[in-house]
Amino acid sequence: MANERKTEQLVRKHFEKFADKIIIEEQKSDNAKIDKLLKTASKKGTGQGYPEFIISFKENSDLLIVVECKAEVTKHESKNKVKYSEYAVDGALLYASYLSKSFDVIALAVSGETKQSLKISHFLHLKSEKKATSKFDDKFLSAEDYLKGYENSEEKFRQDYNALLEFTKELNSKLHTHKILGSQRSLLISSILIALENKAFRKSYGVYDNAENLSNFLTQTVSNELESANITGKKLNNLDVQFSFIKTDTSLSKKENVLKEIIDEIDDNINSFMKTHRYFDVLGQLYIEFLRYANSDKGLGIVLTPPHITEFFSDLAGVNKNTIAYDNCTGTGGFLISAMSKMIKDAKDDQEKIKKIKSKQLIGTEYQSHIFALAVSNMYIHQDGKTNIINGSCFEPNIIKEVKAKKPTVGFLNPPYKANKKIDTDEFEFILNNLECLVDGGTCIAIVPMQSALATKGKVYEFKKKLLEKHTLEAVLSMPDELFFNSKVGVVSCIMVFTAHRQHPKHKETYFGYYKDDGYVKRKTKGRIDAYGRWEKLKEKWLSNYVNKKREAGVSISKPINAEMEWVAEAYMETKYTELNSEYFSETLLFYATFLLGNKLSNEVSHKPFHDKNIQFNTQDWEYFELEKLFTITGSKTTPLLELEEYGTGVFSYVTTQATNNGVEGFYDFSTEKGNVLTVDSAVLGYCSYQELDFSASDHVEKLIPKFEMNEYVAVFLVTIMNLERYRYNYGRKCSQTRMKEISIKLPSKDNEPDFKFMEHYIKTLPYSSSIKMKEIE
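For the sequence shown, position 467 (counting from the first letter as 1) is numbered 468 according to the working numbering, and the numbering increases by one without interruption.
Here it is, written out as structure tokens:
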């Protein structure tokens with residue numbers, strides 16, 4: 002007969018080995034908070050309930066392990082996990098859900114009566130989260146490994162990072178209240194984090210009652226700490242100057258307890274985060290957060306790279322313990338910190354190697370003194386690497402010579418974006434500079450505005466030409482349009498990967514990736530975050546596609562290139578026609594029918610089709626046709642709205658670049674263009690619509706005048722196909738006439754010609770197709 006006590010004994014025996022680190026309670030708890038939470042956690046819904054074991058950690062009171070046991074492995078887990086009293090997993094998850102109101106909980110389900118037959122499952126349910134996620138392997142771990150696995154989990158990082166963002170927002174507000182300048186806030190935080198590394202400061206800052214004395218003590222401690230880390234002479238003097246405002250700021254040096262409270266809060270919230278999540282660019286994130294409100298440096302072109310992308314750079318470059326990394330636009334040091342993390346992980350506790358990584362294998366150049374101070378602080382906080390951050394222009398011959406002597410193998414950069422196109426240094430000049438410093442065959446990865454990749458003439462074209470003459474363009478990856486949302490910058494960017502000092506071979510194919518979805522979403526108070534934990538899986542797919550140069554419609558393509566070409570996936574990728582189905586066409590029909598009814602151009606919208614025939618299609622049988630051979634692609638005359646208002650309302654559409662109401666903003670008694678054409682927005686996203694009526698237009702409205710007989714049914718078919726191409730266009734790459742003249746679209750065909758009859762008949766079989774006839778206009 003099955004005996005659950007045997008299962009419990011196996012669990013007890015395992016965890017008793019770690020009695021010095023954990024507290025094991027059975028069936029009940031002396032912790033009043035736990036007891037209260039379990040008062041209504043009965044597995045049968047009858048009130049109070051307790052798991053077999055409740056395990057808490059002496060080092061970390063935020064984490065619990067709840068264990069539910071079953072003797073029979075057949076009673077391990079039910080299909081829907083709702084049979085709480087019958088199955089181990091179901092019961093463990095139930096208790097975890099109750100306890101997660103105040104704790105982070107590992108739900109441990111164990112079934113089986115012998116060591117050999119044991120079945121084990123783990124789930125992590127974080128505080129205030131709705132769901133638990135499967136975690137760890139199917140075996141017992143040591144208490145230390147449970148704690149480490151929990152602290153280092155993606156889920157815990159997201160939770161802590163969100164808490165850090167919340168704190169940063171509150172801290173920013175507090176610093177604003179105390180009138181501390183936006184440009185000085187990150188420097189203040191970095192100085193406090195450096196000082197907290199000093200045991201004497203940590204022990205004694207709390208006893209200072211005089212604000213002026215504490216501010217002097219803080220700045221002197223920072224100077225001493227930096228000097229003891231071999232930062233001396235001019236470099237130390239420069240840093241002392243950057244931090245000197247702390248001694249003169251009215252709130253920090255005169256108001257009682259202001260500085261002391263800030264130090265306390267930094268220690269509790271930021272320092273604790275950094276101790277748990279090492280090698281994360283916290284100062285960079287603080288700087289971004291402060292910029293979201295102050296934004297004082299946007300005019301200088303400073304756009305800090307999000308940390309998940311700095312990490313992605315290291316993955317792309319294959320950073321390992323022997324890499325020597327160089328960033329000639331260091332900023333706060335985000336790329337170098339991500340590289341350091343990868344290197345140290347690869348060094349596998351080899352302390353000599355780790356010491357060498359930190360002292361010799363991370364090199365940076367930063368021109369702006371206050372940003373340089375942040376970079377040095379950041380590297381110091383992460384325990385070394387700071388002596389190789391150079392304050393100066395990366396273009397200075399002596400700096401180039403100094404960096405070359407260190408033989409960097411990998412280069413990373415996010416160059417300053419040009420605020421003034423005429424006088425600012427071009428992004429490609431920074432890339433060329435970085436490549437010059439790398440060893441032969443080294444890898445350079447840069448993130449730049451998409452505009453840089455699109456240039457086909459002028460100064461930027463010359464830089465592209467020079468790059469290919471000296472180096473190899475391995476890949477270009479189009480990034481999410483709002484990647485820099487947290488920095489309040491709307492630039493659309495792409496990542497470029499180069500191999501140094503090897504001329505681009507004439508017939509070599511460059512890999513182009515359309516990496517637009519990183520899983521991040523916008524949240525009102527937190528900015529752009531990985532709210533659903535999708536990034537890690539998406540990153541693995543991005544890397545796999547890049548490494549294997551995988552060609553996939555709608556995702557990636559490889560193509561030989563030259564300087565005259567656009568270096569982006571959007572220009573060459575194949576549209577994913579395999580995803581096209583009747584719903585796409587029905588949606589276009591509904592939008593158009595609704596537009597007609599909403600503007601009193603028809604009397605009703607009916608779900609009914611024009612006729613009930615069943616017609617299917619297979620896009621694999623379709624053929625590609627050049628858009629320019631189907632249409633005359635031309636612009637429209639721009640008519641200002643103020644001018645139209647003088648003519649008054651009428652029956653002619655006013656077509657704009659909006660993607661709603663069929664692109665129409667109103668109806669006026671004036672027109673400049675003939676109807677029965679397709680219009681395309683060339684300002685924003687390439688939205689296509691059908692204009693049956695004569696119309697006038699705003700700026701950036703292009704016309705596709707058919708070279709064939711077109712009615713509303715054929716037009717709806719073609720509008721649907723054209724809108725499949727919208728992924729090619731964004732704020733960085735607009736849907737111009739030139740670009741439209743270069744694309745081909747896939748259509749049903751007959752005798753190698755577009756089968757317009759099929760298109761019409763097919764549309765007539767779909768819902769709403771009976772509602773797109775415009776009524777007679779009086």
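Ideal Cβ placement from N, Cα and C applies to all residues, glycine included.
Item	Value
Just curious, the alpha helix (DSSP H) that H762 is in, first and last residue?	757-764
Which of the three DSSP states is assigned to K523 in this structure?	strand
Assign D146 to one of two classes, buried (16 or more other C-beta atoms within 10 Å of its C-beta) or exposed (fewer than that).	exposed
State yes or no: is the beta carbon of K170 nearer than 9 Å to at least one beta carbon in chain C?	Considering every chain present, this structure includes no chain C. It has just one protein chain.
Under 9 Å, do F281 and I338 count as touching if we go by C-beta distance?	yes
I'd like to confirm the pairing. Which residues does DSSP put opposite D91 in its beta bridges?	According to DSSP, D91 bridges with nothing at all.
Output the distance between the C-alpha atoms of T511 and L474, rounded to the nearest integer angstrom.	6 Å
With DSSP as the reference, please indicate the residues paired to N392 in a beta bridge.	E367
Mapping DSSP to helix, strand and coil, what is C330?	coil
Could you tell me which of N487, Y714, K509, E761 sits nearest to D525, measuring between CA atoms?	Residue identity differs from the one stated: residue 525 is Lys in this sequence, not Asp. When each option's Cα is compared against that of K525, the closest is N487.
Using 8 Å as the threshold, is the stretch 746-766 in touch with the stretch 659-676, meaning 3 or more CB pairs across them?	no
Can you tell me whether DSSP reads D816 as helix, strand or coil?	With the chain running from 2 to 779 in the structure shown, residue 816 is simply not present.
Leaving out five residues on either side along the sequence, give the residues of the same chain with a beta carbon under 6 Å from the beta carbon of V493.	M451, D482, N731, Y732, G733
Mind checking who Q692 pairs with in its DSSP beta bridge?	V678
For F759, which residues from the same chain have a beta carbon less than 6 Å from its beta carbon, with the 5 sequence-adjacent residues on both sides left out?	P749
Three or more C-beta pairs under 8 Å: does that hold for the stretch 311-325 against the stretch 189-204?	no
Where does G302 sit, in a helix, a strand or coil, going by DSSP?	Low local confidence applies: a pLDDT of 47 at G302 is under 50, so the model's placement there is unreliable, and no value is given.
If you follow the alpha helix (DSSP H) that D161 is in, where does it begin and where does it stop?	155-178
Determine the direct distance from the alpha carbon of E9 to that of P409, and round the result to whole angstroms.	56 Å
Measuring only the C-alpha atoms, how far is E290 from T169?	7 Å
For L705, which residues in the same chain have their Cβ closer than 7 Å to its Cβ, ignoring the five residues on either side in sequence?	F632, I634, V678, L679, V681
State the DSSP-derived secondary structure class of A698, mapped to helix, strand or coil.	strand
Assuming I267 and Y206 are in contact, meaning their beta carbons sit under 8 Å apart, how far apart are those beta carbons, in whole angstroms?	Not really, about 11 Å apart at Cβ, beyond 8 Å.
Here's the rule I'm using: 16 or more other beta-carbon atoms within 10 Å means buried, otherwise exposed. How should P561 be labelled?	exposed
Name the residue from F158, S378, N153 whose alpha carbon lies nearest to the alpha carbon of T220.	S378
Output the distance between the C-alpha atoms of T358 and S62, rounded to the nearest integer angstrom.	Note on residue identity: the sequence assigns Ile, not Thr, to residue 358. Their backbone Cα atoms lie some 35 Å apart in a straight line.
Skipping 5 residues on each side, what residues in its chain have a beta carbon closer than 6 Å to that of K71?	A89, S112
Is the Cβ-Cβ distance between G664 and T658 less than 9 Å?	yes
Quick check for students: name the residue ranges of the alpha helix (DSSP H) that lie wholly in the stretch 251-278, counting only runs of 4 or more.	251-255, 259-266, 273-277
Where does E567 sit, in a helix, a strand or coil, going by DSSP?	coil
Are the beta-carbon atoms of L478 and N563 separated by less than 9 Å?	no
Taking only the alpha-carbon atoms, compute the straight-line gap between E580 and N270 and give it to the nearest angstrom.	47 Å
Between the stretch 349-363 and the stretch 442-460, do three or more beta carbon pairs fall short of 8 Å?	no
Under 9 Å between the Cβ atoms of L433 and P610?	no
Between F413 and F464, is the Cβ-Cβ spacing less than 9 Å?	no
On the three-state DSSP scale, how would you describe G386?	Here G386 scores only 49 on pLDDT, less than 50, and its place in the model should not be relied on; the value that follows carries that caveat. Three-state DSSP puts G386 in coil, outside helix and strand.
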